[in-house]
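This report concerns only the one structure given below.
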Amino acid sequence: MGDIQALRGTRDILPDEVGYWQRVEAVARDILGKAAYREIRTPIFEQTELFERGIGEATDVVGKEMYTFTDRGDRSITLRPEMTAGLVRSLIEHKLYATGNVQRLWCVGPVFRYERPQAGRQRQFHQLDVEVLGSADARADAEVIALATDLLQTLGLKSLTLDLNSVGTPADRQDYRAALIDYFTPYSAELDDDSQNRLTRNPLRILDSKHERTKEIVQAAPSILDYLSSISQQRFEQVQQRLTDLGIAYQVNPRLVRGLDYYTHTAFEIQSADLGAQATVCGGGRYDGLVTELGGPETPAIGWGLGMERLVLLLQKLQPSGGSTVDFYVVSKGDRPEAQALVVTQTLRRLGFAVELDLSSSAFGKQLKRADRSGAAACLILGDTEAENGTVQIKWLASGDQQAIAQTDLPDLANDLRRQVTAAAAAVLA
RNA sequence: GCGAGCGUAGCCAAGUGGUUAAGGCAGUGGAUUGUGAUUCCGCCAUGCGUGGGUUCGAGCCCCAUCGUUCGCCCCA
0 MGDIQALRGT
10 RDILPDEVGY
20 WQRVEAVARD
30 ILGKAAYREI
40 RTPIFEQTEL
50 FERGIGEATD
60 VVGKEMYTFT
70 DRGDRSITLR
80 PEMTAGLVRS
90 LIEHKLYATG
100 NVQRLWCVGP
110 VFRYERPQAG
120 RQRQFHQLDV
130 EVLGSADARA
140 DAEVIALATD
150 LLQTLGLKSL
160 TLDLNSVGTP
170 ADRQDYRAAL
180 IDYFTPYSAE
190 LDDDSQNRLT
200 RNPLRILDSK
210 HERTKEIVQA
220 APSILDYLSS
230 ISQQRFEQVQ
240 QRLTDLGIAY
250 QVNPRLVRGL
260 DYYTHTAFEI
270 QSADLGAQAT
280 VCGGGRYDGL
290 VTELGGPETP
300 AIGWGLGMER
310 LVLLLQKLQP
320 SGGSTVDFYV
330 VSKGDRPEAQ
340 ALVVTQTLRR
350 LGFAVELDLS
360 SSAFGKQLKR
370 ADRSGAAACL
380 ILGDTEAENG
390 TVQIKWLASG
400 DQQAIAQTDL
410 PDLANDLRRQ
420 VTAAAAAVLA
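Quick note: the first sequence, position 362, residue 361 per numbering that gives the first Met the number 0, numbers continuous.
This is the structure in structure tokens:
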């Protein structure tokens with residue numbers, strides 16, 4: 000083992016694993032593209048102040064988890080701990096809100112939080128982010144949630160749960176907060192230490208404590224749903240109705256609270272039971288106040304973030320194998336054959352085949368063995384005899400059938416070969 | 001930031017103070033100097049995450065450190 004290793008909480012995504020990532024990205028690109036969402040890419044670091052103002056200085060993410068440093072020009076810089084703030088900054092800076100009534104955006108990339116790593120939690124991890132800015136319509140909430148469930152379903156994931164809540168407007172929340180403090184204060188001594196601290200700082204967060212005694216006390220705590228204004232209530236009912244219209248199953252969880260200050264009204268999480276303590280795959284909500292908070296015009300918005308690592312963990316459990324294979328494996332030995340093999344390989348690649356060329360010059364037996372393990376449908380063999388008369392042996396590995404064909408005939412035979420390759424691939428699956 | 005467990009080859013591992021560190025997979029060379037199953041034979045850790053310590057003797061015990069896993073916390 001070498002001296003230098005990847006930093007704590009960071010990981011290499013190796014070739015064997017990268018297929019899962021590509022698949023998620025391809026499906027996301029497809030689904031989001033069909034829903035008229037456009038990709039945006041924003042910088043990985045921003046002014047520290049953006050996150051302090053956007054996410055809230057009292058939150059753990061800003062308070063103790065940011066990678067913040069001073070650059071050579073004495074600016075305070077922070078590696079983004081989430082995507083939304085940077086995206087909103089970009090929207091405002093480029094006045095994207097002026098070019099249309101609604102902006103539908105998505106992006107994917109690394110985010111950074113200084114936390115203790117464990118399964119499903121890293122210091123550098125990746126999020127897929129989807130946002131709709133400029134609409135307060137309940138259909139926007141439903142659309143965005145539907146995109147998340149569609150994506151997960153298309154990837155083949157089952158037994159996920161969707162929790163839904165409304166955290167109302169800041170005014171609703173102020174009343175509720177006061178009610179919670181009234182309720183919890185008499186129990187103050189019985190609460191766990193963390194919750195005692197949260198009592199004054201952020202009593203909403205007590206609601207999802209995992210501490211046993213605290214959970215018992217929480218049982219009878221007032222529900223936020225009783226503190227929503229009638230407008231907020233109506234809004235929440237509309238969102239639920241739209242989800243029902245779309246056939247999306249959800250459960251209302253009045254104790255669902257989210258860690259970032261900017262959320263209003265709709266809040267939701269999609270969780271899996273297969274991820275241990277870090278169960279949330281996708282989480283998000285509405286943030287009607289964020290754009291003005293960051294200096295833009297009144298712009299209601301909703302979005303979510305999805306943890307790529309967590310999603311990939313689930314996919315790996317679902318389909319442990321997942322190797323890309325090659326159509327042809329080219330084998331050769333001797334100066335002239337090896338030179339011709341390179342040309343044949345190139346020809347086949349240009350015809351659209353995936354081709355691996357064996358570079359070893361080792362015995363044909365060894366090369367054939369590698370051909371077998373490569374998963375190729377057929378092996379192309381070039382020795383002195385073939386080089387002499389300009390042919391190549393094509394051996395179909397499943398059947399063992401072998402025939403010689405002229406190298407110059409390859410383009411004409413392409414369609415035929417393609418048919419046989421697909422047939423061979425289908426046979427493997429069956 | 002707190003608590004607990006774990007770290008032996010590319011991978012999975014046996015080994016719980018006594019001399020040359022099992023085994024399997026993968027890799028590689030050969031039996032088979034032009035053909036992939038199987039089989040057989042050879043090779044593949046002066047080294048047990050790293051650094052100290054205890055001991056006649058340490059993969060094994062102790063301390064520190066790094067990494068990782070599971071909780072707490074937090075969240076995607």
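Don't be surprised by glycine CBs; every beta carbon is placed ideally from N, CA and C.
- Between the stretch 283 to 290 and the stretch 306 to 320 there are fewer than three inter-stretch CB-CB distances shorter than 8 Å, so the stretches are not counted as touching.
- Contact between the stretch 244 to 262 and the stretch 112 to 131 is absent: fewer than three C-beta pairs spanning the two stretches fall below 8 Å.
- Residue 411 and residue 359 have their C-alpha atoms spaced approximately 29 Å apart.
- In its chain, beyond the 5 residues on either side, no residue has a beta carbon closer than 7 Å to the beta carbon of residue 25.
- Scanning 65, 91 and 156 for the CA closest to the CA of residue 41 turns up 91.
- In the DSSP assignment, residue 109 falls within the unbroken beta strand (DSSP E) covering 102 to 111.
- Shown here for residue 245: same chain residues with a beta carbon closer than 7 Å to its own, the five before and five after excluded, namely 141 and 145 in chain order.
- Residue 252 is a Cβ neighbour of residue 163, given a cutoff of 8 Å.
- Closest option to residue 103, judged by alpha-carbon separation, among 250, 37 and 120: 37.
- Residue state for residue 325 is assigned as coil, using DSSP reduced to three classes.
- Around residue 71, the same chain offers no residue with a beta carbon nearer than 6 Å, after the five sequence neighbours per side are excluded.
- In this chain, the alpha helix (DSSP H) harbouring residue 291 covers 289 to 292.
- Under the 10 Å beta carbon count, residue 169 is surrounded by fewer than 16 other beta carbons and is classified as exposed.
- Distance from the CA of residue 156 to the CA of residue 83, rounded to the nearest whole angstrom, comes to 26 Å.
- Looking at the DSSP output, residue 66 shares a beta bridge with 78.
- When the Cα atoms are used, residue 390 and residue 408 turn out to be separated by approximately 9 Å.
- From the listed residues 296, 75, 380 and 148, the smallest Cα separation to residue 329 is found for 380.
- Below 8 Å, too few C-beta pairs join the stretch 265 to 285 and the stretch 49 to 65 to call them touching: fewer than three.
- Look at the beta carbons and you see the stretch 104 to 114 not touching the stretch 196 to 211: under three pairs across the two are nearer than 8 Å.
- In the DSSP assignment, residue 53 falls within the unbroken alpha helix (DSSP H) covering 47 to 54.
- A Cβ-Cβ separation of about 6 Å places residue 426 in contact with residue 397 under the 8 Å criterion.
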